[in-house]
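Chains as they are written, first to last, in the numbering used here: chain V, 1 to 282; chain R, 283 to 636.
We put the beta carbon where it would ideally sit given N, CA and C, even for glycine.
For clarity, every value in this text was computed on a predicted model and none was experimentally measured.
Below is one structure, written out as structure tokens; the observations come after it.
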Amino acid sequence: MIVSWLGWMAVAVAGTAQGVDGQSVSVASPQRVVTLGGTLTEIVYALGAEDRLAGVDASSVFPASARQLPQVGYYRQVGAEGILSLAPDLVIASEEAGPPAALALLEQAGVPVLRLSSEPSAGAAVARIEAVGAVLERSSQATAAAAALRRALAEVEPLDPSPTVAFVFGRGAGSLVVAGTGTAAEAMIRLGGGTPAITGYEGYKPLTPEALVVAAPEVIVSTTRVVEGLGGLDGLAALPAVAATPAAAQGRLVVLEDLLFLGFGPRLGAGAKALNEALAAP
Amino acid sequence: MTDGVPWGETSHRFGAAPWWALGSATVGVLLLGSASLGAVPIDVMDVLGMLASAAGLPVEASWTPLEETVLWRLRLPRVALSALVGAGLSLAGALTQGLFRNPLAEPGLLGVSAGAGLFAALAIVAGSSALSAWLATSTVAMSAFVGGLLTTVLVAAIATVDGRPSVTTMLLAGIAVSALAGAGLGLLLTLADDAQLRSITFWMMGSIGGATWPAVGVAAVGVGLPALVSLRWAPALDAMLLGVTEAQHLGVDTARVQAGTVAVVAMMVGVCTSLCGVIAFLGLVVPHVARRIVGPGHRRLLPLSVLLGAGLLAAADLMSRTVAAPAELPVGLLTTCLGGPFFLVQLLRHRRHP
Chain V
1 MIVSWLGWMA VAVAGTAQGV DGQSVSVASP QRVVTLGGTL TEIVYALGAE DRLAGVDASS
61 VFPASARQLP QVGYYRQVGA EGILSLAPDL VIASEEAGPP AALALLEQAG VPVLRLSSEP
121 SAGAAVARIE AVGAVLERSS QATAAAAALR RALAEVEPLD PSPTVAFVFG RGAGSLVVAG
181 TGTAAEAMIR LGGGTPAITG YEGYKPLTPE ALVVAAPEVI VSTTRVVEGL GGLDGLAALP
241 AVAATPAAAQ GRLVVLEDLL FLGFGPRLGA GAKALNEALA AP
Chain R
283 MTDGVPWGET SHRFGAAPWW ALGSATVGVL LLGSASLGAV PIDVMDVLGM LASAAGLPVE
343 ASWTPLEETV LWRLRLPRVA LSALVGAGLS LAGALTQGLF RNPLAEPGLL GVSAGAGLFA
403 ALAIVAGSSA LSAWLATSTV AMSAFVGGLL TTVLVAAIAT VDGRPSVTTM LLAGIAVSAL
463 AGAGLGLLLT LADDAQLRSI TFWMMGSIGG ATWPAVGVAA VGVGLPALVS LRWAPALDAM
523 LLGVTEAQHL GVDTARVQAG TVAVVAMMVG VCTSLCGVIA FLGLVVPHVA RRIVGPGHRR
583 LLPLSVLLGA GLLAAADLMS RTVAAPAELP VGLLTTCLGG PFFLVQLLRH RRHP
């Protein structure tokens, strides 16, 4: 597989990037790229390379035009054959993309797969942008996008006192699913100048409604799609546990677009700034 | 169909009125305890004080506003809903076992849970933006209720020939329709994103966490009315234990009782499932325990199932919101964890004493 690329590398300077699995991926000016993960699709757009996208996964909802591209399914559960039918010369996948067998099949079929970390941090976001820039030979655009991200992050104002924030990620039959520690939402709350209100558990879990009342978050944040599923902001505010929080009493329920808040992509700085402004508003 | 299946040894020791009073008192204490315990512990005396004060008695407030908010807006609706849903699911289980004349039957056989699950997932995945604007938070619950009802009507229609329901066909049709609904649910899971997937998964494991006073009202009507109607059929169900033909000779309108039982079970399970998601095993296990205590006669079995079911689900919900606090364990998980081993022990005991 690698031997076959060496021939191309002789004629053109290949874009090279290091994947999270330690594998170095190098392709000479890839023209048919498939992205697995909404954040990665967004990065390709941010670098102005969207004309090279041959397909995207179902989580690629931003920008809106990404939805018009051929779909290969949800990135955690893709099929190798569907991706191969698009004749890609490069697949850029989130480390959470899978199943592993499908990605292995792609590599066996001679399609290089660049796997990028999905770690929710500013450093990892910049590294993702730079890796995509390198492999698509758009390094100068990547440098500019990373600089813009850092600039926006620098504009986030420290808040004193820092408001306590709870992030709502959906609802089962009853209790709200709320972000605990070690989540992208927790990292984002801190980047926006807030203090996570729920720290009693890891991950996204159903929170017992009384604990939300006790935590008394001053602001409740959610995303567009989650709030749609809850029957809009009014539906969220009407839940008894939410209604009993200071956040609802002061009308401080904040809704941000899904990938802007949880994507940790090129708009990370903008997302943190938007949250910061919402948290700073009295 | 009933051959070789443990109906439980009949013992009427617990049939007398004092035992009923003791049982009711135990469940009452359990409910009071549930109202007192939680992420915000409230002293039992304060719970009683707040109840008395709401009833208009002059009680000096020794509680905090936070405790008052938690008790009235979160804790009491939750305890009440868990008791109502537990009672409804258990009674539905006892009725289903009577209908199929098989103690291994449970309401899921009629396809109610599977249909409700499919439609709830449908609402979570597809319907969010289009429907929720005007149905607000009840979209999933409404959709689940409709789904449960539709599947049951389908199963009953398949099983009814010339106006007479065939219980065997109903059993098989229920299994087939449930399997189809399960496949539909699987398809929806492949279309869902992370947040939706999480919502569906937690919905399928049940939770009383969404309890509100309006939900309690819906459950009180949706469980209470069918329960009152069905208790009148206890003598007819007793006669049908002998066999459908035998019951007809005794003057029982079996077709009417069978159709009525299906309708009542669908209503109760539909309401409970749409409010709280799928809560497994309760409808199977509680009638078994009740049968051990009062024997197979439906006059005692049905009311005791109501009492035990209310107490058991209230206890399971108490565990669900305290064991892993501040996170919550799905209550359906707990009922299965408690019910599964119990059921296996019953089977093993029966194996030893055939």
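Residue i vs residue j beta-carbon contact at 8 Å
| i | j | result |
| --- | --- | --- |
| G559/R | A463/R | no |
| V91/V | G82/V | no |
| V613/R | S481/R | no |
| D89/V | V27/V | yes |
| L373/R | M522/R | no |
| L358/R | A596/R | no |
| L53/V | L69/V | yes |
| S140/V | R128/V | no |
| G642/R | L391/R | The first residue shown for chain R is 283 and the last is 636, placing residue 642/R beyond what the model contains. |
| P569/R | L589/R | no |
| A387/R | T378/R | yes |
| A211/V | P608/R | yes |
| A441/R | A398/R | no |
| L339/R | A317/R | no |
| L537/R | A376/R | With the sequence shown as reference, residue 537/R is identified as Ala, and Leu is not the correct amino acid for it. No, the Cβ-Cβ distance between A537/R and A376/R is not below 8 Å. |
| S460/R | A396/R | yes |
| V534/R | A548/R | no |
| K273/V | A93/V | no |
Cβ-based neighbour list, residue i, same chain, cut-off 6 Å, excluding 5 preceding and 5 following
| i | result |
| --- | --- |
| G22/V | none |
| G622/R | none |
| L260/V | R267 and G271 |
| A438/R | V544 |
| A362/R | V498 |
| L616/R | A598, M601 and S602 |
| Q628/R | none |
| W485/R | A402 and G559 |
| T181/V | T199 and E202 |
| Q478/R | I406 and V407 |
Min CB distance residue i to chain C below 8 Å
| i | result |
| --- | --- |
| K205/V | No chain C appears in the structure shown, which is made up of the protein chains V and R. |
Contact set for residue i: own chain, Cβ-Cβ below 8 Å, skip 5 residues either direction
| i | result |
| --- | --- |
| R190/V | P196 |
| A134/V | G15, T16, A17 and A142 |
| A418/R | Confidence at A418/R is low in this model, with a pLDDT of 43, below 50, so its placement is unreliable and no value can be given for it. |
| A415/R | Confidence is the limiting factor: at A415/R the pLDDT is only 43, short of 50, which leaves the residue's position unreliable, though a coordinate-based value still follows. For A415/R, where only same-chain residues beyond five positions count, there are no Cβ hits under 8 Å. |
| V177/V | V168, F169, G170, R171, Y204, K205, P206 and L207 |
Residues near residue i in its chain [Cβ-Cβ closer than 7 Å; skip 5 each side]
| i | result |
| --- | --- |
| S59/V | G37, G38, Y74 and Y75 |
| F624/R | V567 |
| A125/V | L149, F264, G265 and L268 |
| R67/V | V61 |
| L473/R | V407 |
| V309/R | L589, A592 and G593 |
| A237/V | A243, A248 and L253 |
| L230/V | R171 and L236 |
| E130/V | A142 and A146 |
CB-CB length for residue i against residue j, believed under 8 Å
| i | j | result |
| --- | --- | --- |
| D520/R | G591/R | With 8 Å as the limit, D520/R and G591/R do not qualify as a contact, their Cβ atoms being about 20 Å apart. |
| G491/R | T183/V | Rounded, the Cβ-Cβ distance is 20 Å, inconsistent with contact. |
| L47/V | A147/V | Not confirmed; about 13 Å, so no contact. |
| V165/V | P217/V | 6 Å |
| V367/R | L557/R | 7 Å |
| A276/V | V168/V | Here residue 276/V turns out to be Asn, not Ala, going by the sequence shown. So it is not a contact: roughly 19 Å between Cβ atoms. |
| L564/R | V576/R | About 18 Å separates the two Cβ atoms, so there is no contact after all. |
>> Please identify, using Cβ separations under 9 Å, the residues of the segment 339 to 357 of chain R that lie next to chain V, in order along the chain.
In response: Of all residues in the segment 339 to 357 of chain R, those with a C-beta nearer than 9 Å to a C-beta of chain V are L348, T351, V352, R355, L356 and R357, reading in chain order.
> In the segment 46 to 88 of chain V, which residue ranges form an unbroken beta strand (DSSP E) of at least 3 residues, counting only runs that do not cross its ends?
Replying inline: 53 to 56, all fully within the segment 46 to 88 of chain V.
> Where are the alpha helix (DSSP H) runs, 4 residues long or more, that stay fully inside the segment 328 to 413 of chain R, in chain order?
Replying inline: Within the segment 328 to 413 of chain R, the complete alpha helix (DSSP H) segments at least 4 residues long are 347 to 351, 358 to 381 and 394 to 407, listed from N- to C-terminus.
> Between the segment 480 to 491 of chain R and chain V, which residues of the former have a C-beta closer than 9 Å to a C-beta of the latter?
Replying inline: From the segment 480 to 491 of chain R, only R480, S481, I482, T483, F484, W485, M486, M487, G488, S489, I490 and G491 have a Cβ closer than 9 Å to chain V.
>> At a CB distance below 7 Å, what residues from the segment 205 to 219 of chain V approach chain R? Give them in sequence order.
In response: If you check each beta-carbon in the segment 205 to 219 of chain V against every beta-carbon of chain R, the ones closer than 7 Å belong to K205, P206, L207, T208, P209, E210, A211, V213 and V214.
>> Using a Cβ-Cβ cutoff of 8 Å, what residues of the segment 315 to 327 of chain R are near chain V? List them in chain order.
In response: Residues passing the 8 Å Cβ filter: G320, A321 and V322.
> Name the residues in the segment 549 to 580 of chain R whose C-beta lies less than 7 Å from a C-beta of chain V; which are they?
Replying inline: Within the segment 549 to 580 of chain R, the qualifying residues are C558 and G559.
>> In chain order, what are the residue ranges of uninterrupted beta strand (DSSP E) at least 3 long that sit wholly in the segment 96 to 149 of chain V?
In response: The segment 96 to 149 of chain V contains, as complete beta strand (DSSP E) runs of 3+ residues, the segments 113 to 116 (chain order).
> Using a beta-carbon distance cut-off of less than 8 Å, what residues from the segment 189 to 202 of chain V approach chain R?
Replying inline: Listed by position, the residues of the segment 189 to 202 of chain V near chain R (Cβ gap below 8 Å) are I198, G200 and Y201.
>> Closer than 9 Å between beta carbons: that is the criterion. Which residues of the segment 590 to 615 of chain R meet it against chain V?
In response: If the cut-off is 9 Å between Cβ atoms, the segment 590 to 615 of chain R has S602, R603, T604, A606, A607, P608, A609, E610, L611, P612, V613 and G614 near chain V.
> If you scan the segment 560 to 599 of chain R from start to end, which runs of the beta strand (DSSP E) of 3 or more residues do you find wholly inside it?
Replying inline: Those beta strand (DSSP E) runs which fall completely within the segment 560 to 599 of chain R and span 3+ residues do not exist here.
> Given a limit of 7 Å on CB to CB distance, which residues of the segment 220 to 233 of chain V reach chain R?
Replying inline: Correct list: R225, V226, E228, G229, L230, G231 and G232.
> If you scan the segment 159 to 231 of chain V from start to end, which runs of the alpha helix (DSSP H) of 4 or more residues do you find wholly inside it?
Replying inline: With a minimum length of 4 residues, the unbroken runs of alpha helix (DSSP H) contained wholly in the segment 159 to 231 of chain V fall at 184 to 191, 209 to 215 and 224 to 229.
> Taking Cβ-Cβ distances below 9 Å as the criterion, which residues of the segment 69 to 94 of chain V are in contact with chain R?
Replying inline: If the cut-off is 9 Å between Cβ atoms, the segment 69 to 94 of chain V has G73, Y74, R76 and Q77 near chain R.
> Which runs of the alpha helix (DSSP H) fall wholly inside the segment 531 to 558 of chain R and span at least 4 residues, in chain order?
Replying inline: For the segment 531 to 558 of chain R, whole alpha helix (DSSP H) runs of length 4 or above, ordered along the chain, are 536 to 558.
> Fully enclosed by the segment 490 to 530 of chain R, which alpha helix (DSSP H) runs are 4 residues long or longer?
Replying inline: Taken in chain order, the complete alpha helix (DSSP H) segments of 4 residues or longer contained in the segment 490 to 530 of chain R are 495 to 513 and 516 to 523.
> For the segment 227 to 265 of chain V, which segments carrying the alpha helix (DSSP H) assignment without a break, of at least 4 residues, lie completely within its bounds, in sequence order?
Replying inline: For secondary structure counted as the alpha helix (DSSP H) over 4 or more consecutive residues, the segment 227 to 265 of chain V holds these complete runs in sequence order: 232 to 238, 240 to 243, 246 to 249 and 258 to 262.
>> Residues of the segment 615 to 635 of chain R in Cβ contact with chain V at a cutoff of 8 Å, in chain order, please.
In response: Under the 8 Å Cβ criterion, the segment 615 to 635 of chain R contributes no residue.
> Can you list, in chain order, the residues of the segment 440 to 473 of chain R whose Cβ is nearer than 7 Å to any Cβ on chain V?
Replying inline: Those residues of the segment 440 to 473 of chain R that come within reach of chain V (Cβ to Cβ, closer than 7 Å) are T472.
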